[in-house]
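Chains as they are written, first to last, in the working numbering: chain H, 65 to 177; chain Y, 16 to 131. Virtual Cβ for every residue (Gly too), placed ideally from N, Cα, C.
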Amino acid sequence: GENVEQHPSTLSVQEGDSAVIKCTYSDSASNYFPWYKQELGKGPQLIIDIRSNVGEKKDQRIAVTLNKTAKHFSLHITETQPEDSAVYFCAASNGGSQGNLIFGKGTKLSVKP
Amino acid sequence: DTGVSQDPRHKITKRGQNVTFRCDPISEHNRLYWYRQTLGQGPEFLTYFQNEAQLEKSRLLSDRFSAERPKGSFSTLEIQRTEQGDSAMYLCASSSPGLGTTGELFFGEGSRLTVL
């Protein structure tokens with residue numbers, strides 16, 4: 065089955081700096097790669113996703129890149145703000161399964177004002 | 016509020032007791048998922064339903080766990096003879112993907128279980 069590795073586990077940046085979180089996956093059949101943000105006491109919330117037929121996707125300050133050959137994808141947040149502080153999870157669809165997502169262990173992002 | 020709702024939000028029980036969690040998905044969503052999340056970890060897939068059919072179950076879902084989704088609406092997750100290792104946040108999510116795709120999962124705020 066699919067396995068997703070995520071790093072770093074913690075990331076601290078100054079407000080206005082960029083933050084990058086990286087993930088690798090194992091199953092070349094996986095075709096959907098979302099990123100979720102989880103704030104304390106809440107469920108994860110989708111912030112951006114990418115499918116395997118696309119190499120890059122951007123939404124305002126957030127971008128995701130996908131390298132299918134190397135089986136890795138990354139989240140880029142520019143001009144970070146204190147409200148970006150949260151735990152971020154990458155995920156991959158479980159091979160070709162449409163049924164579930166396999167999540168990384170998360171990155172705790174702290175943005176210092 | 017038309018999001019995913021879960022009940023109860025917190026449950027404290029003694030080892031060996033049975034517990035049941037309920038999830039009400041977004042009304043037009045045909046898929047419903049259960050995940051488990053322990054401290055410092057990402058959500059781990061347990062099972063999912065397409066309408067009332069349970070289509071996939073994780074190996075994490077031992078025979079003490081049972082999930083149902085009667086009539087394809089709300090779902091329940093029951094844990095029998097709870098163990099301390101069952102202590103976790105149980106997350107429910109729903110989605111309405113296009114045919115042949117994996118769509119956005121909308122998560123509820125979770126039901127936190129503490130087994131003493």
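Please classify residue i as buried or exposed, where buried requires at least 16 neighbouring CB atoms within 10 angstroms.
i, result
"Ser111 (chain Y)", "exposed"
"Ser193 (chain H)", "A query on residue 193 (chain H) cannot be resolved here, the shown segment of chain H reaching from 65 to 177 and no further."
"Asp123 (chain H)", "exposed"
"Leu130 (chain H)", "buried"
"Ile27 (chain Y)", "exposed"
"Val118 (chain H)", "exposed"
"Leu139 (chain H)", "buried"
"Asp81 (chain H)", "exposed"
I'd like to know whether the C-beta atoms of residue i and residue j end up nearer to each other than 8 Å.
i, j, result
"Glu98 (chain Y)", "Thr91 (chain Y)", "no"
"Thr129 (chain Y)", "Glu93 (chain Y)", "no"
"Pro58 (chain Y)", "Leu106 (chain Y)", "yes"
"Pro91 (chain H)", "Glu120 (chain H)", "Checking the displayed sequence, the identity of residue 91 (chain H) turns out to be Asp instead of Pro. No, Cβ-Cβ distance for Asp91 (chain H) and Glu120 (chain H) is not below 8 Å."
"Val68 (chain H)", "Ala155 (chain H)", "yes"
"Leu173 (chain H)", "Ser149 (chain H)", "yes"
"Ser73 (chain Y)", "Phe60 (chain Y)", "yes"
"Gly87 (chain Y)", "Glu71 (chain Y)", "no"
Bridge partners for residue i per DSSP, in chain order?
i, result
"Lys26 (chain Y)", "Y:Leu128"
"Gln32 (chain Y)", "Note: Gln32 (chain Y) sits in no beta bridge, so no partner."
"Thr74 (chain H)", "H:Lys172"
"Ser157 (chain H)", "H:Leu165"
"Ser42 (chain Y)", "BP columns for Ser42 (chain Y) are empty, so no partner."
Next item on the list: Could you run through the stretch 39–55 of chain Y and flag, in chain order, every residue whose CB is less than 9 Å away from some CB of chain H?
Entry: Close to chain H, meaning a Cβ-Cβ distance shorter than 9 Å, are the following residues of the stretch 39–55 of chain Y: Arg46, Tyr48, Tyr50, Gln52 and Gly55.
Item checked: Within the stretch 81–152 of chain H, ranges of the beta strand (DSSP E) (whole runs, at least 3 residues) -> Complete beta strand (DSSP E) runs here, min 3: 83–89, 96–102, 109–115, 120–123, 126–131 and 136–141.
Note to self: For a minimum of 3 consecutive residues, which ranges assigned as the beta strand (DSSP E) are wholly contained in the stretch 45–131 of chain Y?
What the structure shows: Counting only runs of 3 or more, we get 46–52, 59–65, 68–72, 80–83, 90–94, 103–110 and 126–130.
Note to self: Counting only Cβ-Cβ distances shorter than 9 Å, please list the residues of the stretch 106–121 of chain H near chain Y, keeping chain order.
What the structure shows: Lys106, Gly107, Pro108, Gln109, Leu110, Asp113 and Arg115
Next item on the list: May I ask you to list, following chain order, the residues of the stretch 100–112 of chain Y that have a beta carbon less than 8 Å from some beta carbon of chain H?
Entry: Sequence-ordered contacts of the stretch 100–112 of chain Y with chain H read Leu106, Ala108 and Pro112 [C-beta pairs closer than 8 Å].
Item checked: Contact list for the stretch 60–81 of chain Y against chain H, Cβ threshold 7 Å -> Of all residues in the stretch 60–81 of chain Y, Phe60, Tyr63, Leu70 and Glu71 have a Cβ within less than 7 Å of some Cβ in chain H.
Next item on the list: With 7 Å as the C-beta to C-beta threshold (strictly closer), list the residues of the stretch 67–91 of chain H near chain Y in chain order.
Entry: none
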